[in-house]
Each structure stands twice: as C-alpha cells, then as structure tokens.
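Residues in the sequence shown are numbered consecutively from 733, following this note's numbering. Glycine included, every Cβ here is placed at the ideal spot set by N, Cα and C.
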Amino acid sequence: MTDTYLTISDTSEGYYTEKRSKFYAFAHHVETVDEVKEIVAMYRKKYYDARHVCWAYMLGHERIEFRANDDGEPSSTAGKPILGQINSAELTNILVVVIRYYGGVNLGTGGLIVAYRTAAADAIANANIEERLIEEEIVYNYPYVMMNDVMRIVKDLQPRIVSQTFDNTCEIKLSIRKSEAPRLRSMLEKLSFEH
C-alpha cells in the first residue's frame, strides 16, 4: 500500500495552436469541487469571447473523484483527452482548463483530441509536481500523568501535532503518514494498558 500521491504545487500554463485555433491551458492545484467551480467560472468570465472552455479534474488520493467537460466540443474530444493527461502523469488534486479560440478551420475529432491533449500535457509539463503524504488523524485522550509517555511516542514517531488540550484529561490530535498510523495507534493503546 502506497501512502503518497502526486499533485502540483502551483498554477502553470500551456499552449498549442493548430490551423489558427489557439488552445490556452491552465493547470491548478485544487482540493474541492467548489474550488473547481470557482476557477472554471473565473476562466469563463476572463475568456468570455472564447468558443470553448473545456476542463477536467481529479480529486483525492484514491483518485476516484473526477470529471471531464467538453463544453460544446464533440463528445469526448476535449475533456477526456485532458483527463487522460492528468491520468498519465498520475496526478490528483488538479484541475486543467483548456480555452479554445476557434481559428476558422475545423480540426475534426482527431485534430481536437490531439490539440486538447497536447495543450493539457504542456500545462502539466510546466507545473511543479510534488509528492505528498497521505495522512491519517488520530485523536488520543489520556490523563495528565501520562504526558511524558505520550510525548516520548510523539518524539519517536514524529507525527504532526494538529491540536492538543491539557486538563485533568488531556487530548492530543496527531496526523501521521497512513502507513505509520497503525503503529502509532498501537503504541498509544499499549500506553493506556500500562497505566
């Protein structure tokens, strides 16, 4: 089981031209469908005079939440080739928008597929791709007297401390790479039995 995923860290651009049609591509790091909708709406407004604003996105480290949109181009000639480029780069949490200005000459379905695929690939090629960890959050409650033991485990496994509260009963929320989560959980449970 892998506990990393690939995404882009910023916004990048790509470009392709064929028979005077211009294809401007933009790749964005996104976390939610709402972000996708906002960004697509922003491009529709900014490039209001463009013939087509086509796009595709992939969300989540499982890479099962995705969508492609042809925006009036013949079915599967725009969104699918864009999504194909996202898939071949094995990226997630990404939106790629390709804006087409029609050049007066029809490209045919084959030409459109190549154009959208190439523009999307160019935007992805210009992006900073980074590997990120899939993390799991663990919440642990313990009496104050166990503080040192809990902190020793935190020091050993080095999870990220998301939040903590200190009282008669303390609570710590930890985030750790998914593959280390069972180990962290069992060490904390073992601590509970010892006290």
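Pairwise C-alpha distance: residue j and residue i
{"i": "Leu839", "j": "Thr850", "result": "14 Å"}
{"i": "Trp787", "j": "Thr841", "result": "17 Å"}
{"i": "Lys910", "j": "Leu827", "result": "25 Å"}
{"i": "Lys887", "j": "Ser820", "result": "39 Å"}
{"i": "Val768", "j": "Tyr748", "result": "23 Å"}
{"i": "Ile870", "j": "Glu912", "result": "11 Å"}
{"i": "Ile908", "j": "Ser924", "result": "20 Å"}
{"i": "Glu903", "j": "Arg783", "result": "55 Å"}
{"i": "Met919", "j": "Ile885", "result": "7 Å"}
{"i": "His760", "j": "Lys778", "result": "16 Å"}
Residue nearest to residue i in terms of C-alpha spacing, selected from the options
{"i": "Thr734", "options": "Val882, Ala782, Glu867, Asp742", "result": "Glu867"}
{"i": "Met790", "options": "Glu862, Glu763, Asp781, Ala782", "result": "Glu763"}
{"i": "Lys905", "options": "Pro875, Pro891, Lys812, Ser918", "result": "Pro891"}
{"i": "Ile893", "options": "Asp899, Asn900, Val882", "result": "Val882"}
{"i": "Arg795", "options": "Gly804, Tyr775, Met774, Glu822", "result": "Glu822"}
{"i": "Tyr775", "options": "Glu750, Glu745, Glu797, Phe798", "result": "Glu745"}
{"i": "Glu805", "options": "Val772, Ile818, Ile845", "result": "Ile845"}
Residue i burial status per 10 Å Cβ neighbour count (16 or more: buried)
{"i": "Thr809", "result": "buried"}
{"i": "Glu926", "result": "exposed"}
{"i": "Ala857", "result": "exposed"}
Cβ-based neighbour list, residue i, same chain, cut-off 7 Å, excluding 5 preceding and 5 following
{"i": "Arg752", "result": "Gly835, Gly836, Val837"}
{"i": "His793", "result": "Tyr737, Thr824, Ile866"}
{"i": "Ile814", "result": "Cys786, Trp787, Ala788, Ala800, Val828, Val830, Tyr848, Ala852"}
{"i": "Glu797", "result": "Leu791"}
Simplified DSSP assignment, three categories, for residue i
{"i": "Arg795", "result": "coil"}
{"i": "Asn880", "result": "helix"}
{"i": "Ala857", "result": "helix"}
Residues near residue i in its chain [Cβ-Cβ closer than 8 Å; skip 5 each side]
{"i": "Arg915", "result": "Leu889"}
{"i": "Asn900", "result": "Pro875, Tyr876"}
Cut-off 6 Å between Cβ atoms - residues of its own chain near residue i, not counting five sequence neighbours on either side
{"i": "Phe755", "result": "Tyr748, Val830, Arg832, Ala847, Ala851"}
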